[in-house]
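Peer 1: First the structure, then my questions, so here it is.
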């Protein structure tokens, strides 16, 4: 079992290793009983998300509190410019159904709304938007309207977990009710729990994943 100081040192090294973080030394790291708190500032919302995910990847991390603030380099970007950039990337990304997702921008904050058929489409929209320069935050209100048969959801997720190299599926059980998937059991790291949630969310017919996994390094 790692000490909090060892976990902190590993998180700092992981932040420095991540190519999306151009100034990792501007990020403060505190660890208490395996719970990591990130403080300081980053130049984009994409970097804020990348920092939290970098911390989640470290073995021994049980939870991450993201208290980072987005501090744009130079002057703030006009909301209309941000909206235009978002419209363009949505138009050219073939993974997203056309004219089903829309964005509103106010003071750099983006609110996404609309409908998609799969959770991976929702996550793709959010991924693109958070990396648009000038965005300081994203509220994701996209609704998932799946067409798949709910009866197949549990088998699809179990198979997906068994295929995923980052996941030890032997200690994970899946329960499906309608379009909601529930994961139970234990994993070795917070990163593994996140990967399991993502794998379950990608299954056809899943609109929400409840993660009840316990991190036991």
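Numbering (the numbering used here), first residue to last: 956 to 1172.
In this text, a Cβ means the ideal position worked out from N, Cα and C, and glycines have one as well.
1) Thinking C-beta only, is residue 981 closer than 7 Å to residue 995?
2) Classify residue 1003 as buried or exposed, calling it buried when 16 or more other Cβ atoms lie within 10 Å of its own Cβ.
3) Could you pull out every residue in the same chain whose Cβ sits closer than 7 Å to the Cβ of residue 1005, ignoring the five residues on either side in sequence?
4) Looking at residue 979 and residue 993, is the spacing between their C-beta atoms short of 7 Å?
5) Run through DSSP, which three-state label would residue 1037 get?
6) According to DSSP, is residue 1145 part of a helix, a strand, or is it coil?
7) Ignore the nearest five residues each way along the sequence and tell me which others in residue 1028's own chain have a CB closer than 8 Å to its CB.
8) Less than 8 Å between the CB atoms is what I'm expecting for residue 1116 and residue 1154, so what's the real figure, rounded?
9) For a quick check, are the C-beta atoms of residue 1091 and residue 1081 less than 7 Å apart?
10) Closer than 8 Å is the cut-off here; do at least three beta carbon pairs connect the stretch 1040 to 1050 with the stretch 1011 to 1021?
11) Between residue 978 and chain C, is the shortest Cβ-Cβ distance under 7 Å, so that the two count as touching?
12) In this structure, how does DSSP classify residue 1083 when only helix, strand and coil are distinguished?
Peer 2: With the given structure in hand:
1) Looking up residue 995 in the chain shown gives position 40. Looking up residue 981 in the chain shown gives position 26. Yes, the Cβ-Cβ distance between residue 995 and residue 981 is below 7 Å.
2) Counted from its first residue, the chain shown places residue 1003 at position 48. Result: buried.
3) Locating residue 1005 in the chain shown gives position 50, counting from the first residue. These residues qualify, in order along the chain: 973, 975 and 976.
4) Along the chain shown, read from residue 1 onward, the residue named residue 993 stands at position 38. Along the chain shown, read from residue 1 onward, the residue named residue 979 stands at position 24. Contact: no.
5) Here residue 1037 refers to the residue found at position 82 of the chain shown. In this structure, residue 1037 counts as helix in the three-state DSSP scheme.
6) Counting from 1 along the chain shown, the entry for residue 1145 is found at position 190. It is helical.
7) If you number the chain shown from 1, residue 1028 lands on position 73. If we look at residue 1028 and ignore the five residues flanking it on each side, its Cβ neighbours are 998.
8) The sequence position of residue 1116 within the chain shown is 161, counting from 1. The sequence position of residue 1154 within the chain shown is 199, counting from 1. So it is a contact: roughly 6 Å between Cβ atoms.
9) For the purposes of this step, residue 1091 is identified with residue 136 of the chain shown, where counting begins at 1. For the purposes of this step, residue 1081 is identified with residue 126 of the chain shown, where counting begins at 1. Contact: no.
10) no
11) You won't find chain C in this structure, because it holds only one protein chain.
12) Stepping through the chain shown from its first residue, residue 1083 is reached at position 128. Helix at residue 1083.
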